[in-house]
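Taking it in order: structure first as structure tokens, then the write-up.
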Amino acid sequence: MATPRRAAFTLLELLVSVAVMAALSALTCMAVGSARERARAIKVHAELYGLGVALEAYGIDCGGCFPPVRVNCNSDMQDHWCQLPMELADGRYIPPGPGGGLSATLVDEFNPGHTYKYAAPGPMLLNGTPAGNYQVWIPDDVPLCESAQGRYYYNPQTTPVRWMVWSTGPHPKSEKSCHERAPMAAASWYRGAGDEGVLVRFRDAQTCQFKSP
Numbered sequence: 691m692a693t694p695r696r697a698a699f700t701l702l703e704l705l706v707s708v709a710v711m712a713a714l715s716a717l718t719c720m721a722v723g724s725a726r727e728r729a730r731a732i733k734v735h736a737e738l739y740g741l742g743v744a745l746e747a748y749g750i751d752c753g754g755c756f757p758p759v760r761v762n763c764n765s766d767m768q769d770h771w772c773q774l775p776m777e778l779a780d781g782r783y784i785p786p787g788p789g790g791g792l793s794a795t796l797v798d799e800f801n802p803g804h805t806y807k808y809a810a811p812g813p814m815l816l817n818g819t820p821a822g823n824y825q826v827w828i829p830d831d832v833p834l835c836e837s838a839q840g841r842y843y844y845n846p847q848t849t850p851v852r853w854m855v856w857s858t859g860p861h862p863k864s865e866k867s868c869h870e871r872a873p874m875a876a877a878s879w880y881r882g883a884g885d886e887g888v889l890v891r892f893r894d895a896q897t898c899q900f901k902s903p
């Protein structure tokens, strides 16, 4: 009695199977990568919320004033422009950092080695020395921030936005994240997994807080 022959895969069928498995694997990796990025964005917004609470507590304790903005021209500090204020760390409103560019332990989830960024129309320290007021571009349609019309504000008494904190996003060196009107222009905002841009939280003159998507 003849033994029935077992059907075997042809080379073409094997190649097709491998291609299908590779495609499914790629799709799975993309889905996992997108989910991971969304989770990191959620964490960023949660930490920016915490920074907002810290800034408001500081403002209450300091008669409505907020910390100065820091800009540094030294080669080893240029990349740490607008770092989180050490006043927040010194006052224990946020955990202190090891120093240098890390004035606080709140490191930008998307930009390791750097704190989240902070800016506010008002006093500025250049290389640690008072140097007038820091200017921030703010659109005319705050809080939507979609208008191309706006102006630079430097006076904390007249600005429609008192402070802003932000992450440089998944691609800190991207054109969107480095937009000349970031972080207050909606054109510079991160919109979801796969996108570039900044994630920002800001507070208006009436104490209301808003955030980017």
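Numbering (my numbering), first residue to last: 691 to 903. Backbone N, C-alpha and C fix where the C-beta goes; we use that ideal spot for every residue, glycine too. For clarity, every value in this text was computed on a predicted model and none was experimentally measured.
Burial state of residue i (16 or more Cβ within 10 Å)
{"i": "Lys733", "result": "exposed"}
{"i": "Ala809", "result": "buried"}
{"i": "Tyr880", "result": "buried"}
{"i": "Gly887", "result": "buried"}
{"i": "Ser793", "result": "buried"}
{"i": "Ile784", "result": "buried"}
{"i": "Thr849", "result": "buried"}
{"i": "Ser902", "result": "buried"}
Nonlocal neighbours in the same chain, by C-beta distance under 6 Å from residue i, ignoring five residues either side
{"i": "Pro786", "result": "Ala779"}
{"i": "Ala883", "result": "Ser724, Glu727, Arg728"}
{"i": "Ser878", "result": "Lys866, His869, Ala872, Gly887, Val888"}
{"i": "Pro862", "result": "Asn801"}
Simplified DSSP state of residue i, which is helix, strand or coil
{"i": "Gly812", "result": "strand"}
{"i": "Ser793", "result": "strand"}
{"i": "Val761", "result": "strand"}
{"i": "Lys733", "result": "helix"}
{"i": "Ile750", "result": "helix"}
{"i": "Gly787", "result": "strand"}
Nearest-angstrom beta carbon gap, residue j and residue i [assumed within contact, 8 Å]
{"i": "Ala729", "j": "Leu889", "result": "Not quite, the Cβ-Cβ distance comes to about 13 Å (not below 8 Å), so this is no contact."}
{"i": "Thr795", "j": "Gln773", "result": "Not confirmed; about 12 Å, so no contact."}
{"i": "Leu738", "j": "Arg891", "result": "4 Å"}
{"i": "Asn845", "j": "Pro813", "result": "Actually they are not in contact, since the Cβ atoms of Asn845 and Pro813 sit about 11 Å apart, beyond 8 Å."}
{"i": "Asp798", "j": "Ser857", "result": "5 Å"}
{"i": "Val855", "j": "Gly749", "result": "Rounded, the Cβ-Cβ distance is 13 Å, inconsistent with contact."}
Beta strand (DSSP E) segment containing residue i, residue limits
{"i": "Ala779", "result": "Premise fails: Ala779 lies in the alpha helix (DSSP H), 776 to 780, not in any beta strand (DSSP E)."}
{"i": "Phe900", "result": "899 to 901"}
{"i": "Thr819", "result": "819 to 824"}
{"i": "Arg891", "result": "889 to 894"}
{"i": "Gly840", "result": "840 to 843"}
{"i": "Trp879", "result": "Here Trp879 belongs to no beta strand (DSSP E), and DSSP marks it neither H nor E."}
{"i": "Trp856", "result": "851 to 857"}
Same chain, Cβ closer than 7 Å to residue i, five either side skipped, listed in chain order
{"i": "Cys835", "result": "Pro829, Met874, Ala875, Ala876"}
{"i": "Gly822", "result": "Met814"}
{"i": "Gln896", "result": "none"}
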